[in-house]
Each structure stands twice: as C-alpha cells, then as structure tokens.
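Sequence order for the protein chains is L and C. The numbers in this note's numbering rise by one with no breaks, and the one at position 281 of the first sequence is 819. The numbers in this note's numbering rise by one with no breaks, and the one at position 261 of the second sequence is 245. Just so you know, even glycine gets a beta-carbon here, dropped at the ideal spot from N, CA and C. Please read these numbers as outputs of a predicted model, since none were measured by experiment. Scroll down for the structure; my scribbles are underneath it.
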Amino acid sequence: MDPETFISKYEPRKMVAISLAVLAVALSILGFTYIKTGSPVNLGVEFTGGTIVTVPVVESEGEIAAKLAAYPVLDIRDVGHRYMIQMGPMDDAEYRQLSAMIDAEYQDPEIKYMGPVYSTRLQEQAKTYIPLSFLFMAVVVFLIFRTPFVALTVILAAFSDIMITAACMDVTGVKLSLGTVAALLMLIGYSVDSNILLNNRVLKRKGKTEEKILGAFRTGIAMTSTTFSAIFALFLVSAFSYLVSSSFTQINILFDISIVLIFGLLAGLMNTWVMNSNALRWYLARPKKSVARRQRR
Amino acid sequence: MTEITKDPRVVIFFVAVAAALIILAPIPGDGGLHSRLKYGLDLEGGSWLQLKLQGAIVQPQVDPINILDKQFGDALERPVEVEWRPGSTDYQITVEGRASKTLAEDLGYPQATVTPRGNATKITIEASPVGVIMNYLEASLDSDVKYLGSDPLSFEVRTNVTRESLETILGEVGGTLASGDAGFSEGVTEETVDETKQVLDRKLNRLGLQDIKVRVVDNKFILIDLAGVSVADAQEIVGKPGVFEIRIQTTGNESMHVLYGDEIVDVSLPSGDQTGNWGVPFTLSEEGALAFQKAAVDTGATRNRMDHEISMHLDNELIFSAPLAQDLAASLEVAPMRNMVAQIGGDSQRAHELYIHLREGALPVNVEIIGSGQVTAALGDQFKKQVLIAGIMAILAVGLVIYFRYREPKIVIPMVATSFSEVLMMLALAALLKWQLDLVSIAGIIAVIGTGVDHLVIITDELLYEGKMPSDKIYLARLSSAFGIIMAAAATTIVAMLPLFGMGFGAFKSFALITIAGVLIGVFIARPAYGRIIGRIMQGGE
C-alpha cells in the first residue's frame, strides 16, 4: 500500500482508534496469560529456577531421555546439532551428580543451573527494573518535548510497543529470559527514536503537515529498515546457522534478543506511522487558539 | 565551509579511529599473536558459581541465668540453682548430689571448678553473660556465632536460620528476639563476607588456578568465575577442605604425625585475653585427644616441652608451631585433653588466619549454591565464530539497505565506513577498559550497528531535505536540527539501559556498558565527523 494513503487520506481519529484497538488486543492477551499462569508473559527457566543442559546430538531423543530418567526433565529439544534439555528444580547433591555425569558422558556440554534464590531475585528485579526503565525514558521524553500532548503520545507509543511485543512473545511461545528482558529494555530506549524524528520534523518545520509527515516517514522507514536488517542478521545466525555448518548450533540468548527486537520494531512501525502521525495531524488541525498558545511558548 | 581536514570534529574522529586500530592490533605474546580483547566465560569457556552466604544478624533478649539453669538442669536431670553477681565473670551453679567433673566442659564451659559441698556440688564456671548466650546459640544451632556488640546485644549467626526457629530456641529459656528488622535480619556482616572471599581466594590460589574472579554482590552473594574449569570441579573445589595435620617434633628437624584435621571437632573464633594475647580455641575428638596425649608423652614433650614443638600444617605447608603450654603439658601427663588453645601472641590478624587454617579452608559461613554453569572452551570458540559471522552479516545487510535507499556510493560508502568505525571504537574501548565481551554484549554491538546507522540516516536526510544540498548557513542549521533529534534519541536509550546494571548479578553489565559506550561514541565522535564529511562530499558533488 502507498504510504501516502496511510498518512493523509484516512480520517486521523479512525487510524488512532485502529492502533489503540491493536493495543487493546495485546493487553487482553497479556491479561489472559496472567490469569492462566500468574504472569503476563511465560517465564523461562531463569525466572522459574531449574537447570538447562545442552549436549551434542549423539543419540536419539528417547535414548537421552532414558539416560536422564532419574532427573526432573521437563523438555528435550533439538536446537541444531545439540539437544537442549530443560529440567525442574533439584537439590544440590542431585545437581552435582548430574553435572559430573554430563561432563563425563558428553563432549562440550553447556550447563546452567538457576536456584530458587536466584530466580526469585531475578523476578523481583524484572518487576522493578522494567517499569523503572520505562519511567526514566518517560521523564526524558517530557524534558525533550515539554508539550504534554506530544510527550504523552510518544510515551503511549512506547508503552504500546512493549505491550504488543510482550503479547507477540505470548503468542509465539517466546519466554521471558535474561535475554528477552534486556531486549525489552533496549526497545524502551529505541522505540522513541522514530517518534522523536516525526515530532521534531512536524512541529519545528514550516509547511503542510501531511508533507512533513511523509518526509519523516521516508526517513523513518529507512531507519527502521537498517536496524531491522542488522537485527535480522543476528536472528538468522542465532536461529539457522546450524543448517550451514555442523559445528554451529542455535544460540538461545541471541535468538531471544533478536526475536523480541524484531517484534518491537514491527510494533514500532505501526505505533509511529499509524497512531502517532495521525494523532499529530489531529492535534495540529484543532482550532487555532491552542496551537497559537503552544507556539508562543 | 572551512577546510575539512582542519575541522576539529573530523580530526578527533580520525585520531580516535587510529587509536582504536592501534589498540586492537594483535600483540605478540607467548604462543603467537594475541588480541587485547577480553572475552566472557560463555565465549572463552569456563564455569561460574553464584553463592549465597547463609546467616543472620540477631539481637536476642534473654537472661543467661535461665540458659544455665536449663543447660545444667537438662544435663543433670534434676533442678539446679544458678547464682550470679552483677559485674562478675563467674556463675555459681549448685546442685544436690554429685556432678561429673567434665560436665561443665562438655557443655562448653572449659574454665570450671567443681567443689563438693556437703550433700551438694558447687560448680563455678568462668563465663560472661555474653559468653553464656553465645554458647547457648552455638550449641542449639550447631553453628558458629560471632559477637558483634553489647549495645544492643547482637550476634551474627553463621548458618541458615529463620526468625521462627530462633524464637523457638530462645523461647525455651524464656527469651525472645528484639522486634522488627533489628531483632533479626538475614545476611552477614561485611567482615564475614570479606573473610569468606579471602578463604575462597586463597583456596583457589593454592590450587594454582589462573584468571579467577571472586566478586561480592549486595554483601550476601559471592560470584566466582573460573576459566577452564568444569562446573563439577568448581563445586568440588569450593566445597572441599584442604588436608590439615598436626605433627610433633621428635629430634632436631624431625617430626612425627599426630593427627589429621578430621579429629578436630570444633574451632572457635579467635579470642584475646586481658593482656592482649590472642588464641584460637579448638576441640579434639576423644580419639584425637588420646592420640595427642600419647604423642606428647611418647616424644617426651610433656617433660621437655621446649624441645618438642607442636606444628600445624595445611596441605603440607607449615602454618603454626609452638611448644606446649606449661599447664597443658602437666595435664597431659595424667589425662588426655580435648580443649586446647593455639596461642598466637599479640597479633590478632595471625590469630584470624590460623582460625581459617584450622578450619581446613572451610568457609566461615554456610553457603548455598544458587546458580552455576559452564561452557566449554570449544563451544565458546564456536559461539565466537557465530557471532563474528552475525556481526559481518549485520554490516553487510545494513550496507545493502542503505544502498537501496540512496543508490549513491558517495553516501553509502561513508555511511558504512562510519558505522564500521563505531564498532572498532567500541571494541577498542572495551579492550582498553578490560571489559569482558560476552555473547550478550556482542548482541549489543550489533544492535548499536543498526541504530547507529539510523542516526546517520537522520543526518543525511536532514541535510538533503528537499532533495538538494543547501547553502552553508542553512546546512549548519539543519545539522544542528539533526543533532537535536540524535541527542534526544541517545538520551532515551541510555536512561532506559541504566537499570540493566543491577540485573541478574551483573550478567548484563557488559552489555549495558558497551551499548551505552557505543551510543556515546556515536553521538560525540563518529556522527559529528560524518555530518561534516558528508556535507563536504555532497557540496563537492554539485
């Protein structure tokens, strides 16, 4: 579809409403997950506590499952030339036994154990730090724009980005891990980039609003596609490079980070160019009085 | 426009890039060329342990008389009477009938005299009120307890204990804990954390392990990174004590074995007496005490103590040597002794070291392994290759996208070169400041490639607005407008990243550092120069 249609032909309020509807859907997905699991996003092993082991594939899934029958195995998955085995909580002695056994049986094993103290602490930190990060960003946005309407739309767009991304995680089964939390925080910072560009261009330049939005859109789309291409490269290598060489495998933490950033970038496109650009059109088309007051500031 | 090569922004940029190249150039070392870059465990191979120190700082409110009443009453199975005059260092316990001579010692009061008095027995123990409470806590919790201060009376319990269980223990002697967090707070003192760290450091050093990092987080957690060690071995090392041995001098430089550390059943915290002499009290098992007596008598140490010194060794290293004390030598002539004190003299630091050694390098507090893991070196190498490929692909992909957008090599080449230079400068900074590059921080670098180019796009588009290169005056106005956008975007990125420093025991510290550094390098070094250079190139093109 021609971007001009999006930006100038439709009724602004209708476009904003569509974006808010998407946000509402995302929030209800998160709400539903919350009711079902007690957390808005599915928690990975780092947050629930447990053990992750990856070993090279030298046997069938059944054989390795039999070998580990004595341990609380939750899931065995082939992640490209390696099995990733997730296990529930176990006591210290059991874990020592497991790590010694894995070390003896397999070449180049990767082992990760997260005890309940660690995971509880991490959960608390995520609950504090994600909102804190958002708050910091919001304060900076207010300092930059000063006009409450503009600042609030930018913050709303960032909020919507995060919520839609989290909902996408729920739908696609990506769990909250250290990597995804890092990506979400990164997204909070990056999600406002194109909004800042848009508002800057539209509010500070002379000319027809629609034309300015279109100009900003051209730049903005180039920005998003460069970031997207870099992140997509990361995604490809972390997820699929094992298809190219038998010595490669999936790298979970990079996969987590890249997939979340991809969701976020796509959500950002909508929130900036469908929601915020139309919110701005509506704002600037209001009766002159209040616009004049803003300009005198 | 001034001559481009004299513009300070451009000069700074090229100097920074040159410096980065020099820093990143491989340096010769043993076994070929080495890069100055430091890699994290997940790329280098190794294991990590995350330990939580178990313990609590408590303020008990209890009457020592009740404690002695219960301790002696329970042991003798009949009521006793405890007397104490305020300010005295003696407690008198009177009980009907006879009491064993070793009763007080068995209850943990070695300085005791037992006097029969008619039908009753009077036991006098030398102990302060604090000592009695401490002894009671140690005995009931089976753990070391450290006295912290008298106002209010507070102790450090060096094991995993809950408020409820401690209140039950104190309740049995009519006591309780002070209310609120002051009465009971989880965690140990900074000193104890330091001591634990030292024990670990020393232990790991004795094993000759290279590149060990022992870090303390929140005064409660200890993180250990061990390059090139499997996680099973790492847990073994941390949990396993050294070999402690007591020997006795026979003739000249010769000595003979007396006992091993497993015969030492208890070691108390070092204590100083009134004259400022420090000693470390310890208790032998019954077999240990017998072996000690036999050795002392056989070698003649009990009669000629100066020629037959007692020495202590940890992993075959001499750590303490002294003759028997006169009264101990005399006592050993007649009976085995279980409680002894290794006298150090006036050096409290040495007493402390000996205390650690006597415990065979065991940690002063109980630790719980709350997290651990390993990546082998070969796997780390694979990851390294994969992220290198991801980085190269990211730059190529970004270059391709820019090419489709501008279709002008004069713009595309400087843009990609600038983006690449930002990566070089980030890596050089990481090498210079010895940051560890791990998988996540490389993801951070790749993300910065993506967003860094965003900012170059903003600059370029701002300058090219309306499709042509403007005059000098407008050019500068546009450039500053572009930088307004870039600075704002950079500021939000940085503040949003700040909380990452505290997350997950610093697992994302390097990621947050490198991302923030990348943003700053971009905004203050690379992009100002790009703005000038691209302006010049486009003007030249017209």
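- Rounded to whole angstroms, LEU581(L) and GLN661(L) show a C-alpha spacing of 9 angstroms.
- The region -4 to 8 of chain C makes no contact with the region 327 to 341 of chain C: fewer than 3 CB pairs, one atom from each, lie closer than 8 angstroms.
- Close to PHE786(L), with beta-carbon spacing below 7 angstroms, are these residues of chain C in chain order: GLN366 and GLN370.
- Against chain C, the CB of PRO825(L) has no partner CB under 8 angstroms away; the residue lies outside that interface.
- At least one beta carbon of chain L lies nearer than 8 angstroms to the beta carbon of ALA472(C).
- CA-CA distance, MET377(C) to LEU408(C), rounds to 16 angstroms.
- In the structure shown, TYR93(C) adopts coil according to DSSP, grouped into three states.
- Rounded to the nearest angstrom, the Cβ distance from ALA111(C) to VAL98(C) is 15 angstroms, too far for a contact under 8 angstroms.
- Note on geometry: alpha-carbon atoms of THR160(C) and VAL129(C) lie some 17 angstroms from one another.
- A residue is called buried once 16 or more other Cβ atoms fall within 10 Å of its Cβ, and HIS18(C), having fewer, is exposed.
- Counting C-beta atoms within 10 angstroms of its own C-beta, ARG199(C) has fewer than 16 neighbours from the protein chains shown and is therefore classed as exposed.
- Here the alpha carbon of ILE518(C) sits roughly 10 angstroms from the alpha carbon of LEU448(C).
- Taking all protein chains in view, the Cβ of ASP699(L) is crowded by 16 or more other Cβ atoms within 10 Å, so the residue is classified as buried.
- In this structure, the straight-line span from the alpha carbon of SER776(L) to that of LEU792(L) is close to 6 angstroms.
- Annotated three-state conformation of GLN219(C) is helix, per DSSP.
- Across the region 18 to 37 of chain C, CB contacts with chain L closer than 7 angstroms involve GLN34 and LYS36, in sequence order along the chain.
- Counting along the chain, no beta strand (DSSP E) covers MET410(C); the unbroken alpha helix (DSSP H) around it starts and ends at 393 to 416.
- As far as DSSP is concerned, ARG511(C) takes part in no beta bridge.
- Taking a C-beta distance under 8 angstroms as the contact criterion, LEU125(C) and VAL42(C) do not qualify as a contact pair.
- Counting of Cβ neighbours within 10 angstroms places GLN310(C) among the exposed residues, the total staying below 16.
- With respect to chain C, the C-beta atom of LYS742(L) has a partner C-beta closer than 8 angstroms.
- Closer than 7 angstroms at the C-beta level to chain L, one finds these residues of the region 202 to 219 of chain C: SER214, VAL215, ALA216 and GLN219.
- Shown here, TYR131(C) sits in a strand according to DSSP, grouped into three states.
- With respect to the C-alpha of GLY428(C), the residue from GLY717(L), ASP731(L), LEU807(L) and ALA631(L) having the closest C-alpha is GLY717(L).
- Relative to the Cα of ILE353(C), the nearest Cα in the group LEU5(C), ILE11(C), ILE6(C) and TRP32(C) belongs to TRP32(C).
- With respect to chain L, the C-beta atom of GLU170(C) has no partner C-beta closer than 8 angstroms.
- Taking a beta-carbon distance threshold of 8 angstroms, ILE800(L) does not count as an interface residue toward chain C.
- Taking 9 angstroms as the upper bound on Cβ-Cβ separation, chain L lies near no residue of the region 508 to 521 of chain C.
- In chain order, GLY92 place their CB closer than 7 angstroms to the CB of ALA123(C), counting only its own chain and leaving out the 5 sequence neighbours on each side.
- It is roughly 21 angstroms from the alpha-carbon of SER767(L) to the alpha-carbon of VAL712(L).
- Closest option to SER305(C), judged by alpha-carbon separation, among ALA314(C), SER315(C), ASP291(C) and LEU316(C): ASP291(C).
- The alpha carbon of ILE614(L) has as its nearest neighbour, out of SER557(L), LEU804(L), THR592(L) and ALA823(L), the alpha carbon of THR592(L).
- Between VAL596(L) and THR787(L), the CB-CB gap reaches or exceeds 8 angstroms.
- If you check the CB distance, GLU446(C) and ALA510(C) do not come in under 8 angstroms.
- Contact of MET761(L) with chain C is assigned, a C-beta pair being separated by under 8 angstroms.
- The C-alpha of GLU549(L) lies about 15 angstroms from the C-alpha of ILE751(L).
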